[in-house]
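Scroll down for the structure; my scribbles are underneath it.
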Amino acid sequence: MSRARRSARTRSALAAVAATLLLAGCAVNEQGDQWSELEGTLDGAGSSAQGAAQDAWIAGFQRQNARVTVNYDPAGSGAGREQFLVGAVGYAGSDSALSAKEQEGELARCRGGAGAVNLPLYLSPIALAYHVPGVDELRLDAAAVAGIFTGDIEYWNDPALAALNPDADLPELRISAVHRSDDSGTTRNFTEYLADAAPEAWPHEPADAFPVSNGEAAQGNSGIAAVIRDGVGVIGYVDASRAVGLDVASLAVGDGFVAPTADSAAAIIDASPMEAGRADDDLVVDVQRDASEGEVYPLVLVSYVIACREYADPDEGELVRAYLEWAASAEGQQQAAADAGSAPLSEGMAERVRAVVDAIR
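With mature numbering (1 follows the signal peptide of the UniProt record, and there is no 0) applied, the sequence shown corresponds to residues -29 to -1, 1 to 332, in that order.
This is the structure in structure tokens:
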């Protein structure tokens, strides 16, 4: 198969992440006025990665509930968790789950002792996008990615890259690795992948701030995508929805290589266990970044909605339950995929989330 044909297939797979279920999203089934008696205001804050998805969920929910106002401030995951803990908002969006220690504290809006749950409602593959003239298909493993971002691999024709890409004409061109200049959940998930899948090549703990000074830095996903688009020899990690039109690498999983698609991102979540030591209804995914088999893509961002199991104000509990029922529904997930380029939850995971949401009071 020619490189051009393979490249077209890879770019088509990536485009599907941003456009997946677009037609389904445009043909969302109406659920009717099952919550038409609801009224009130619900405030949330947190993850900026969830921003477009939250906008889609809010728009769909409020179309069916004209007397409800939902506000979401994409102030960042840390800010959202803090506001939820002190009772400034009714729910939070976060690219990292509420910790056991945080859950042990007093949660201002939760009924005493009820505690909170983490719900994985937003999922997106993180793409390794690049711009290397003449290279329209690229295969990488975790050790090679680590070497590129630490600076141990300096040129595109390095023997380690050539061994992974025997059919590619890799140029003697210096690599420019671009990372986030701002703290981000995308960086934490990227560094978690490297720490889990290539610990010998990446001796750093997962972190919101990129821990290595090598390469170039850019603000936000859009900033990294712009640097890649305008540069030569550049590679960077970016939310896959922002990488449409760019070449993207496939990652090694066992004996094969997997591209970042909606299906492969959802599959890694289904293949991963829940984090040990948590309650059955606290759905924190222990993503298997070092997966060794299957059509799974291990470099994904899992972002959570954090809510009380039971609210001190029953009316607020009813609003939260209704809103999250919509977000976790097939229609809500499809609309987020169409508007935000996220990967819809698999039906199995969505059913688990909906069961927990249904118990919120």
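In this text, a Cβ means the ideal position worked out from N, Cα and C, and glycines have one as well. What you are looking at is a predicted structure, and each value in this text was computed from that prediction instead of being measured.
Using C-beta distances below 7 Å, list every residue in its chain close to residue i, excluding the 5 sequence neighbours before and after it, in chain order.
i, result
"S243", "V256, D257, V258 and Q259"
"E1", "For E1, the predicted model reports a pLDDT of 43, less than 50, meaning its position is unreliable; a value from the coordinates is still stated below. Nothing meets the Cβ criterion."
"G202", "H102 and S147"
"V198", "V149, E187, A189, V205 and G207"
Just curious, the alpha helix (DSSP H) that residue i is in, first and last residue?
i, result
"E296", "P285 to A299"
"V198", "G191 to D201"
"R34", "G22 to Q35"
"R52", "S48 to V57"
"L132", "P130 to L135"
"G118", "A113 to T121"
"A71", "A71 to E75"
Taking Cβ positions, are residue i and residue j nearer each other than 7 Å?
i, j, result
"G118", "A166", "no"
"I277", "N160", "no"
"S274", "Q21", "yes"
"T158", "D179", "yes"
"A311", "V271", "no"
"P315", "Q306", "no"
"L9", "N36", "yes"
"G122", "N185", "yes"
"R82", "A247", "no"
"V57", "A30", "no"
Our contact map puts residue i next to residue j with C-beta atoms below 8 Å; I'd like the distance itself, whole angstroms only.
i, j, result
"S147", "E187", "6 Å"
"A230", "V215", "With a Cβ gap of about 13 Å, A230 and V215 do not count as contacting."
"P96", "Y268", "5 Å"
"A168", "D261", "5 Å"
"L222", "R200", "So it is not a contact: roughly 21 Å between Cβ atoms."
"residue 333", "G17", "Residue 333 falls outside the range modelled here, since the chain spans only -29 to 332, and no answer is possible."
"A113", "Y164", "7 Å"
Taking the alpha carbon of residue i as the point to measure from, which residue in the options has its own alpha carbon closest?
i, options, result
"Y62", "A68, S70, A71 and R52", "R52"
"E302", "G122, D286 and A321", "A321"
"A238", "V224, Y275 and A250", "V224"
"A115", "R82, P285 and P170", "P170"
"A27", "S48, A309 and L78", "A309"
"Q33", "D329, A311, A326 and A293", "A293"
"residue 350", "A87, L141, Y93 and A85", "For the chain, the structure presents residues -29 to 332; residue 350 sits outside this window and is missing."
"S212", "L141, V198 and S193", "S193"
"E143", "G31, G204 and G15", "G204"
"K72", "A311, A283, R249 and A314", "R249"
"A233", "D179, N185 and S317", "S317"
"D210", "I240, A98, Q25 and G11", "A98"
"S152", "Y126, D138 and A189", "A189"
"Q25", "R323, L295, D329 and A330", "L295"
"E266", "F228, N42 and L56", "F228"
"D329", "S48, D284, C279 and E246", "C279"
"S263", "M245, W297 and D226", "D226"
"G64", "G84, N42, E75 and E77", "N42"
"A50", "G15, G76, I124 and M245", "G15"
"S48", "S19, Q74 and A23", "S19"
"D107", "I195, R145, A196 and D138", "D138"
"R145", "A196, W127 and S313", "W127"
Going by beta carbon distance, what residues of the same chain come within less than 8 Å of residue i, once the five residues before and after it are set aside?
i, result
"P182", "T162, H175 and E176"
"V327", "V88, L90, D252 and L254"
"G319", "D241"
"G11", "R38, V39, T40, D286, E287 and L290"
First and last residue of the beta strand (DSSP E) that includes residue i?
i, result
"Y275", "V271 to C279"
"I331", "Counting along the chain, I331 falls outside any beta strand (DSSP E), and DSSP gives it neither H nor E."
"N160", "Premise fails: N160 lies in the alpha helix (DSSP H), G156 to A168, not in any beta strand (DSSP E)."
"R82", "Note, R82: premise wrong, no beta strand (DSSP E); not H, not E."
"V205", "V205 to D210"
"T232", "Unbroken run through T232: none, as it is neither H nor E."
"V224", "S221 to V224"
"N42", "V39 to D44"
"G11", "G11 to G17"
"Y62", "Y62 to S65"
"R249", "Taken as a continuous stretch (DSSP letters only), R249 belongs to no beta strand (DSSP E), as it is neither H nor E."
"H150", "S147 to R151"
Taking 6 Å as the limit between beta carbons, can you name the residues of its chain near residue i, skipping five residues before and five after?
i, result
"N136", "R110"
"residue 369", "For the chain, the structure presents residues -29 to 332; residue 369 sits outside this window and is missing."
"R325", "A299"
"D140", "G105"
"A68", "N89, V255 and Y275"
"A(-6)", "With a pLDDT of 40 at A(-6), under the threshold of 50, the predicted position of this residue should be treated as unreliable, though the coordinate-derived value follows. If we look at A(-6) and ignore the five residues flanking it on each side, its Cβ neighbours are Q305."
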